[in-house]
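Colleague: Protein chains in written order, with this note's numbering: chain A, 1 to 102; chain B, 103 to 587; chain C, 588 to 951.
All C-beta atoms, glycine included, are put in the ideal place defined by N, C-alpha and C.
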Amino acid sequence: MNIPLLYELVGVILLGMGLYSLVVYSHPVRKILALNVSGAGVFLFLVAAADRTSGPLPDPVPHAMVLTGIVVAVSATALALALACRIHQVSGTAPLTDNEPE
Amino acid sequence: MSLNDILRPMNLPAWIISLPLLAAVVAVVLPRTGRWVSIFIAIITPLVVFKLCIEILVHGALQMQVGGWQAPLGIQMYADGLSAAMLAMTAIVISCSTFYARSYFSAKAASPFFWPLWMFLWAALNALFLSGDIFNLYVTLELLGLSAVALVALSQTADALSAAMRYLLVSLTGSLSYLMGVALLYAANGTLSIKMLATVGPASPSLPAAFALMAAGLIMKSALFPMHFWLPPAHANAPAPVSAVLSALVVKASFYILVRLWLMIFEPFINPSTAQLIGMLGAFAVIWGSVQALLAKRLKLLVAYSTVAQIGYLFLFFPLSSTPQTAHTAWQGGLYFVFSHACAKAAIFLAAGTVIYAFGHDRINKLHGIVRRMPVSMFAFALAGVSLIGLPPSGGFIAKWLYLNAALASGQWWWSGLIILGGLLATAYIFRFFSRAFSYFPEVVEGRPVPKIMEWTALALALCAIFLGLTAPAVTELLNAGKPF
Amino acid sequence: MENSLNYAAIAFDGVLALVLLVLAWQLLRSPNLFKAIVLFISFGLMLSLAWIRLKAIDIALAEAAIGAGLTGALFLTALDRLQRREENDREEQDARWKSQEKKPIITTEASDQGLAAMIRKNKNHFFSRPLQTIAAISVLALTCILGWTVWTLPPFSDQMSALVSSNMPISGVENPVTAVLLNFRGYDTLLEIGVLLLAAVGVISVAPSAVMRTGSSPSPILLLLIRLLLPFIILVSGYILWIGKYAPGGAFQAGAVLAAGGILLATAAVRFNLSASKAMPLATGIGLLIFLLVALATMIICGNYLQYPVALAGTLILVIEAAATLSIAAVLVRLFVGVKSDTDNPAPGEDSQTLIFEEENTIK
Numbered sequence: 001m002n003i004p005l006l007y008e009l010v011g012v013i014l015l016g017m018g019l020y021s022l023v024v025y026s027h028p029v030r031k032i033l034a035l036n037v038s039g040a041g042v043f044l045f046l047v048a049a050a051d052r053t054s055g056p057l058p059d060p061v062p063h064a065m066v067l068t069g070i071v072v073a074v075s076a077t078a079l080a081l082a083l084a085c086r087i088h089q090v091s092g093t094a095p096l097t098d099n100e101p102e
Numbered sequence: 103m104s105l106n107d108i109l110r111p112m113n114l115p116a117w118i119i120s121l122p123l124l125a126a127v128v129a130v131v132l133p134r135t136g137r138w139v140s141i142f143i144a145i146i147t148p149l150v151v152f153k154l155c156i157e158i159l160v161h162g163a164l165q166m167q168v169g170g171w172q173a174p175l176g177i178q179m180y181a182d183g184l185s186a187a188m189l190a191m192t193a194i195v196i197s198c199s200t201f202y203a204r205s206y207f208s209a210k211a212a213s214p215f216f217w218p219l220w221m222f223l224w225a226a227l228n229a230l231f232l233s234g235d236i237f238n239l240y241v242t243l244e245l246l247g248l249s250a251v252a253l254v255a256l257s258q259t260a261d262a263l264s265a266a267m268r269y270l271l272v273s274l275t276g277s278l279s280y281l282m283g284v285a286l287l288y289a290a291n292g293t294l295s296i297k298m299l300a301t302v303g304p305a306s307p308s309l310p311a312a313f314a315l316m317a318a319g320l321i322m323k324s325a326l327f328p329m330h331f332w333l334p335p336a337h338a339n340a341p342a343p344v345s346a347v348l349s350a351l352v353v354k355a356s357f358y359i360l361v362r363l364w365l366m367i368f369e370p371f372i373n374p375s376t377a378q379l380i381g382m383l384g385a386f387a388v389i390w391g392s393v394q395a396l397l398a399k400r401l402k403l404l405v406a407y408s409t410v411a412q413i414g415y416l417f418l419f420f421p422l423s424s425t426p427q428t429a430h431t432a433w434q435g436g437l438y439f440v441f442s443h444a445c446a447k448a449a450i451f452l453a454a455g456t457v458i459y460a461f462g463h464d465r466i467n468k469l470h471g472i473v474r475r476m477p478v479s480m481f482a483f484a485l486a487g488v489s490l491i492g493l494p495p496s497g498g499f500i501a502k503w504l505y506l507n508a509a510l511a512s513g514q515w516w517w518s519g520l521i522i523l524g525g526l527l528a529t530a531y532i533f534r535f536f537s538r539a540f541s542y543f544p545e546v547v548e549g550r551p552v553p554k555i556m557e558w559t560a561l562a563l564a565l566c567a568i569f570l571g572l573t574a575p576a577v578t579e580l581l582n583a584g585k586p587f
Numbered sequence: 588m589e590n591s592l593n594y595a596a597i598a599f600d601g602v603l604a605l606v607l608l609v610l611a612w613q614l615l616r617s618p619n620l621f622k623a624i625v626l627f628i629s630f631g632l633m634l635s636l637a638w639i640r641l642k643a644i645d646i647a648l649a650e651a652a653i654g655a656g657l658t659g660a661l662f663l664t665a666l667d668r669l670q671r672r673e674e675n676d677r678e679e680q681d682a683r684w685k686s687q688e689k690k691p692i693i694t695t696e697a698s699d700q701g702l703a704a705m706i707r708k709n710k711n712h713f714f715s716r717p718l719q720t721i722a723a724i725s726v727l728a729l730t731c732i733l734g735w736t737v738w739t740l741p742p743f744s745d746q747m748s749a750l751v752s753s754n755m756p757i758s759g760v761e762n763p764v765t766a767v768l769l770n771f772r773g774y775d776t777l778l779e780i781g782v783l784l785l786a787a788v789g790v791i792s793v794a795p796s797a798v799m800r801t802g803s804s805p806s807p808i809l810l811l812l813i814r815l816l817l818p819f820i821i822l823v824s825g826y827i828l829w830i831g832k833y834a835p836g837g838a839f840q841a842g843a844v845l846a847a848g849g850i851l852l853a854t855a856a857v858r859f860n861l862s863a864s865k866a867m868p869l870a871t872g873i874g875l876l877i878f879l880l881v882a883l884a885t886m887i888i889c890g891n892y893l894q895y896p897v898a899l900a901g902t903l904i905l906v907i908e909a910a911a912t913l914s915i916a917a918v919l920v921r922l923f924v925g926v927k928s929d930t931d932n933p934a935p936g937e938d939s940q941t942l943i944f945e946e947e948n949t950i951k
């Protein structure tokens with residue numbers, strides 16, 4: 001067990017934890033938090049994998065991927081939060097109950 | 103530096119992606135120009151796309167390295183017959199819907215935001231169909247998902263916003279799952295290029311895991327049963343041109359990626375029963391979607407559930423292509439479903455939007471005899487319905503016929519039963535609306551006049567669906583360029 | 588000496604890994620959303636430490652600024668809006684919060700408007716107990732399978748880092764991450780800036796107004812802080828942008844720092860109306876615009892999309908990064924204001940057009 005592998009596994013566990021919370025909790029802010037935690041897990045896995053090079057320097061391509069991922073995550077989080085707030089404003093609730101139009 | 107030079111074959115993919123993207127930026131920076139810039143791009147981009155199609159028909163698949171960097175260092179763009187056909191389908195549907203939207207939104211306040219989001223959606227689709235790099239596909243998927251969600255939310259009703267939220271969460275979960283698959287593939291193979299991954303060596307345990315993750319993510323985004331729950335509210339509550347594009351194109355994009363990855367990388371290494379499992383989910387989708395469509399009280403909801411059903415057909419590609427002799431037929435059948443459903447479903451959604459524009463609602467049992475008010479739209483609906491049911495000479499018929507051939511030739515006769523059953527159910531739910539619309543009723547429902555362009559774009563798309571059936575040889579010719587079989 | 592350094596490193600990493608997992612567990616399970624978000628911010632900071640341990644300094648910078656800082660701020664403002672009552676009365680709310688400290692946890696949750704009914708029925712879980720356990724077991728199984736897959740991954744190939752190193756001299760920069768981000772895989776970055784702009788448009792379309800109001804005039808401490816910090820922030824941002832060529836840094840980190848300055852301004856203003864600013868649309872769009880124009884120019888003039896001529900590569904990258912920094916900052920500020928902004932015009936979609944583009948930015 002070397003350092004990168006440790007972080008890779010931590011990343012996988014984070015992914016699982018986030019997935020569980022995403023499914024089980026109903027409050028949209030919790031779901032968005034869960035997605036962020038899962039995302040952090042995936043990024044951790046990527047960067048840890050990048051550190052598994054044989055030389056002293058890590059592979060920069062996963063670093064670029066994770067930077068891109070962080071920016072995409074914040075964009076998505078902002079949109080999700082804006083939507084949640086707007087729903088709360090319009091209908092007085094912040095739910096994802098089955099509002100199937102009938 | 104002539105026009106010919108600028109539009110060299112090597113540059114065409116970049117133009118196809120950059121034109122809508124440029125329109126989007128201009129629409130953001132100068133909001134009042136959004137409308138006519140989009141119309142301008144809606145006219146020019148299809149021309150460039152057709153040039154690419156001709157180029158590929160004549161010279162075969164096109165490959166280009168962005169930035170001049172060879173793979174695996176740089177990003178590859180890959181355009182074969184399949185990409186070209188998808189791009190053409192996208193161009194036709196979005197172009198028609200753009201003209202439709204111009205009239206549909208003239209009274210609404212949402213228009214300053216609509217055009218940039220619309221162009222971003224188009225750019226995302228084009229970038230997706232031309233990409234040859236799995237991480238680049240992730241970025242395009244996110245671009246696509248976020249713009250689709252924002253477009254759904256434009257309706258501003260409580261239902262639309264909730265539907266958009268649900269769609270967003272599912273979309274993000276799907277993307278994350280896909281990204282984890284990408285990460286696994288890169289960690290195991292050191293490259294992000296699909297062409298290079300196609301030569302990947304003996305099966306390591308990472309391959310099935312990566313496939314499972316990517317497939318799960320893409321299936322969520324394609325709304326395959328049981329991950330379909332987000333689709334009906336989202337497509338039913340979005341503005342009409344948005345619903346058209348969502349059902350016609352956006353759900354197909356993730357299916358396209360799945361097919362690409364399956365054919366180029368994963369197929370040799372995955373257990374064939376996985377394909378049967380995916381097919382089973384497709385079967386459930388067909389039945390469940392059709393039944394729900396029969397029960398729907400609103401027209402747009404009926405059409406949205408019909409999308410759920412038709413997506414089920416798409417995924418029958420996987421089991422039907424498992425035997426070598428039927429693989430090509432199944433592939434063509436699946437793609438024919440993609441194209442004809444795109445045109446037909448877009449036409450139906452546009453027609454439904456016209457109904458809402460005229461009458462203010464889309465409750466089916468209150469829409470008696472509207473054929474007298476809007477004959478063109480109802481004719482469009484009829485033609486599109488023909489394609490959805492799968493009657494000759496439409497594109498839908500060709501697709502089902504190819505699938506039936508594949509099913510019987512590979513000895514998987516149970517799928518043919520499903521296809522026939524699906525056709526019957528489709529007939530039922532199409533006629534459910536039909537009989538009302540065409541019924542004779544002494545009092546004609548009151549409604550406001552509809553701009554001609556809205557009706558005629560719907561009809562144009564419906565004619566495309568029929569046209570696809572008539573020009574099958576030409577389409578197959580295009581698909582054959584660079585085909586994987 | 589060597590050994591003890593090694594042990595120290597392993598111990599540090601072990602503890603850090605544990606801290607990350609415990610923080611994540613706590614933040615996901617905490618019944619109090621405010622606590623969860625604060626834990627999330629600390630989780631982000633711990634993650635930055637992990638990035639440093641994994642030699643990813645650029646990411647550490649970005650994570651601290653964007654991942655922990657900005658995302659945390661977004662969450663806090665969203666939570667504030669979600670938990671606010673119609674009266675908008677802060678004192679009343681504070682008193683309520685204080686009295687709820689002593690009540691059982693479920694009541695605190697129930698103060699989330701509208702969720703009250705659902706939550707009283709079912710705590711804050713979506714599923715009943717048995718389904719929860721099924722979900723837990725399946726996720727556990729999936730995680731174990733994935734973990735085993737990761738354990739048995741083949742050795743990492745050095746091909747990519749070798750390729751990057753050998754091509755660095757012609758990339759125009761000396762920081763390998765910047766080279767990958769803006770040259771080798773610049774197309775991804777182009778699309779990603781597009782995603783940012785798209786999110787800004789999306790948030791604007793959802794938030795009916797971009798007017799932020801603090802109830803009272805800002806505290807003098809805050810104003811002093813801004814007067815001291817803002818020039819420094821701009822300087823630091825410029826420095827990070829410039830240094831990105833040679834060392835960890837670059838457009839995203841610089842943009843995030845600049846955005847922090849913008850957000851400070853926004854929180855300190857009595858009335859901060861972004862929607863009317865003529866400069867905002869240009870500021871948000873300039874990054875993507877410049878990037879696209881450079882890409883198209885290289886295609887038309889030099890022959891290949893995004894292929895910079897070697898002599899100009901460094902300059903082009905700097906130009907693109909500068910525009911991107913401005914854009915990223917503008918978009919991040921816009922996202923923050925979009926999530927935070929309160930509306931005086933509740934009618935959905937109605938006045939969005941008139942609200943965009945009538946402005947005055949008043950800071951007393």
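Below 8 Å between beta carbons: does that hold for A:Thr68 and C:Asp775?
Modeller: Taking the first residue of the first sequence as 1, we reach residue 68 of chain A at position 68. Taking the first residue of the third sequence as 1, we reach residue 775 of chain C at position 188. Result yes, Cβ atoms of A:Thr68 and C:Asp775 sit closer than 8 Å.
Colleague: Using a Cβ-Cβ cut-off of 6 Å (strictly less than) and excluding sequence neighbours within five positions of C:Leu607, which residues of its own chain qualify?
Modeller: Translated into positions along the third sequence, residue 607 of chain C becomes position 20. Once the five neighbours on either side are set aside, the close Cβ partners of C:Leu607 are Met633.
Colleague: Are the Cβ atoms of B:Ile143 and B:Pro174 separated by less than 8 Å?
Modeller: Sequence index remark: in the second sequence, residue 143 of chain B carries index 41 (1-based). Sequence index remark: in the second sequence, residue 174 of chain B carries index 72 (1-based). No, the pair does not count as a contact, with Cβ atoms beyond the cut-off.
Colleague: Got a sec: is the Cβ-Cβ distance from A:Glu8 to anything in chain C below 8 Å?
Modeller: Indexing the first sequence from 1 puts residue 8 of chain A at position 8. At least one chain C Cβ lies under 8 Å of A:Glu8.
Colleague: Are the region 620-640 of chain C and the region 37-49 of chain A touching by the rule of at least three beta carbon pairs closer than 8 Å?
Modeller: Taking 8 Å as the limit for Cβ pairs, the verdict is that the region 37-49 of chain A does touch the region 620-640 of chain C.
Colleague: Does any CB atom of chain A fall closer than 8 Å to the CB of C:Ser698?
Modeller: Taking the third sequence and counting its residues from 1, the one referred to as residue 698 of chain C is at position 111. Low local confidence applies: a pLDDT of 38 at C:Ser698 is under 50, so the model's placement there is unreliable, with the coordinate-based value given in what follows. For C:Ser698, the answer is no, since every Cβ of chain A falls outside 8 Å of its Cβ.
Colleague: Applying a beta-carbon distance threshold of less than 8 Å, which residues of chain B neighbour C:Thr902?
Modeller: Position 315 of the third sequence, counted from the start, is the residue given in the question as residue 902 of chain C. None at all; the shortest Cβ gap to chain B is about 16 Å.
Colleague: Using 8 Å for Cβ pairs, my map puts B:Leu326 next to B:Gly384. What's the rounded Cβ distance?
Modeller: Start at 1 with the first residue of the second sequence, and residue 326 of chain B comes out as number 224. Start at 1 with the first residue of the second sequence, and residue 384 of chain B comes out as number 282. That belief holds up - the Cβ atoms of B:Leu326 and B:Gly384 are roughly 7 Å apart, short of 8 Å.
Colleague: Helix, strand or coil for B:Ser104, going by three-state DSSP, please let me know.
Modeller: Working through the second sequence from its first residue, we reach residue 104 of chain B at position 2. In the structure shown, B:Ser104 sits in coil (DSSP, three-state: anything other than H, G, I, E or B).
Colleague: Do C:Ala611 and C:Ser617 have their C-beta atoms closer together than 8 Å?
Modeller: As a first step, residue 611 of chain C must be located in the third sequence, where it is residue number 24. As a first step, residue 617 of chain C must be located in the third sequence, where it is residue number 30. Cβ distance not < 8 Å, so C:Ala611 and C:Ser617 don't count as in contact.
Colleague: Would you give the residue range spanned by the alpha helix (DSSP H) that B:Ala350 belongs to?
Modeller: Taking the first residue of the second sequence as 1, we reach residue 350 of chain B at position 248. B:Ala350 -> no alpha helix (DSSP H), and no H or E assigned at all.
Colleague: Counting along the chain, where does the beta strand (DSSP E) carrying B:Gln167 start and finish?
Modeller: Reading the second sequence from its first residue, position 65 is the one you call residue 167 of chain B. Taken as a continuous stretch (DSSP letters only), the beta strand (DSSP E) holding B:Gln167 covers 164-167.
Colleague: Helix, strand or coil for C:Ala703 per DSSP?
Modeller: Walking along the third sequence from the start, residue 703 of chain C turns up at place 116. Residue confidence for C:Ala703 is low, a pLDDT of 40 falling below 50, so the modelled location carries little weight and cannot support an answer.
Colleague: Spell out a yes or no on whether the region 420-440 of chain B and the region 508-526 of chain B are touching, meaning 3 or more CB-CB pairs, one atom from each, closer than 8 Å.
Modeller: Verdict: yes, contact present.
Colleague: For B:Phe201, which of B:Ser185, B:Val139, B:Leu159 has the nearest alpha-carbon?
Modeller: Sequence index remark: in the second sequence, residue 201 of chain B carries index 99 (1-based). Nearest C-alpha to B:Phe201: B:Val139.
Colleague: Quick one: does C:Leu783 have its CB under 8 Å from some CB of chain A?
Modeller: Here residue 783 of chain C is taken as the residue at index 196 of the third sequence, counted from 1. So yes, C:Leu783 belongs to the interface.
Colleague: Could you tell me which chain C residues have their CB closer than 7 Å to the CB of B:Phe237, listed as they occur along the chain?
Modeller: For the purposes of this step, residue 237 of chain B is taken as the residue at position 135 of the second sequence. In chain order: Asp775.
Colleague: Ignore the nearest five residues each way along the sequence and tell me which others in A:Tyr7's own chain have a CB closer than 6 Å to its CB.
Modeller: Counting from one through the first sequence, the residue named residue 7 of chain A turns up at place 7. Cβ neighbours of A:Tyr7 beyond the five flanking positions: Leu44, Ala48.
Colleague: Contact check, B:Pro101 vs B:Gly435 under 8 Å by CB: the rounded distance?
Modeller: The structure shown does not extend to residue 101 of chain B, since chain B spans only 103 to 587, so no value can be given for it.
Colleague: Taking only the alpha-carbon atoms, compute the straight-line gap between B:Leu333 and A:Leu81 and give it to the nearest angstrom.
Modeller: On the second sequence, residue 333 of chain B is found 231 positions in, with the first residue counted as 1. On the first sequence, residue 81 of chain A is found 81 positions in, with the first residue counted as 1. Straight-line Cα distance between these residues: approximately 21 Å.
Colleague: Take B:Phe216 as the anchor and find which of B:Leu227, B:Ala226, B:Ala203 has the nearest alpha-carbon.
Modeller: Taking the first residue of the second sequence as 1, we reach residue 216 of chain B at position 114. Minimum Cα distance to B:Phe216 is reached at B:Ala203.
Colleague: Within 10 angstroms of the Cβ of A:Lys31, are there 16 or more other Cβ atoms? Answer buried if so, exposed if not.
Modeller: Working through the first sequence from its first residue, we reach residue 31 of chain A at position 31. With 16 or more Cβ atoms within 10 Å of its Cβ, A:Lys31 is classed as buried.
Colleague: Starting from C:Leu883, find everything on chain B with Cβ-Cβ shorter than 9 Å and list it in chain order.
Modeller: Working through the third sequence from its first residue, we reach residue 883 of chain C at position 296. Going along chain B in sequence order, the residues near C:Leu883 (Cβ under 9 Å) are Ala116, Trp117, Ser120, Leu124.
Colleague: Please name the residue in B:Phe386, B:Ile521, B:Gly497, B:Leu401 whose C-alpha comes closest to that of B:Pro575.
Modeller: Reading the second sequence from its first residue, position 473 is the one you call residue 575 of chain B. It is B:Gly497.
Colleague: Just how far apart, CA to CA, sit C:Gln940 and B:Arg134?
Modeller: In the third sequence, the residue the question calls residue 940 of chain C occupies position 353. In the second sequence, the residue the question calls residue 134 of chain B occupies position 32. Because the pLDDT of C:Gln940 is 29, which lies under 50, any placement of that residue in the model is unreliable, and the number read from its coordinates should be weighed accordingly. Between C:Gln940 and B:Arg134, the C-alpha separation is close to 11 Å.
Colleague: Just mark B:Ser375 as buried or exposed, buried being the case when its beta carbon has 16 or more other beta carbons within 10 Å.
Modeller: Working through the second sequence from its first residue, we reach residue 375 of chain B at position 273. Label assigned to B:Ser375: exposed.
Colleague: For a minimum of 3 consecutive residues, which ranges assigned as the beta strand (DSSP E) are wholly contained in the region 790-854 of chain C?
Modeller: Here the runs fully enclosed are 798-800.
Colleague: Could you tell me the distance, in whole angstroms, from the CA atom of B:Asp107 to the CA atom of C:Cys889?
Modeller: Position 5 of the second sequence, counted from the first residue, corresponds to residue 107 of chain B. Position 302 of the third sequence, counted from the first residue, corresponds to residue 889 of chain C. So the alpha carbons of these two residues sit roughly 12 Å apart.
Colleague: Quick check on DSSP: helix, strand or coil for A:Asp59?
Modeller: Taking the first residue of the first sequence as 1, we reach residue 59 of chain A at position 59. Three-state result, A:Asp59: coil.
Colleague: Of all the residues that make up the region 20-52 of chain A, which are near chain B by a beta-carbon distance shorter than 7 Å?
Modeller: Correct list: Leu22, Pro28, Lys31, Leu35, Ser38, Gly39, Val42, Phe45, Leu46, Ala49.
Colleague: Would you list the one or two residues that DSSP bridges to B:Gln178?
Modeller: Position 76 of the second sequence holds residue 178 of chain B. Answer is B:Gln167.
Colleague: B:Ala346 to B:Ala411, Cα distance in whole Å?
Modeller: Residue numbering aside, residue 346 of chain B sits at position 244 when the second sequence is read from its first letter. Residue numbering aside, residue 411 of chain B sits at position 309 when the second sequence is read from its first letter. Cα-Cα distance, rounded: 16 Å.
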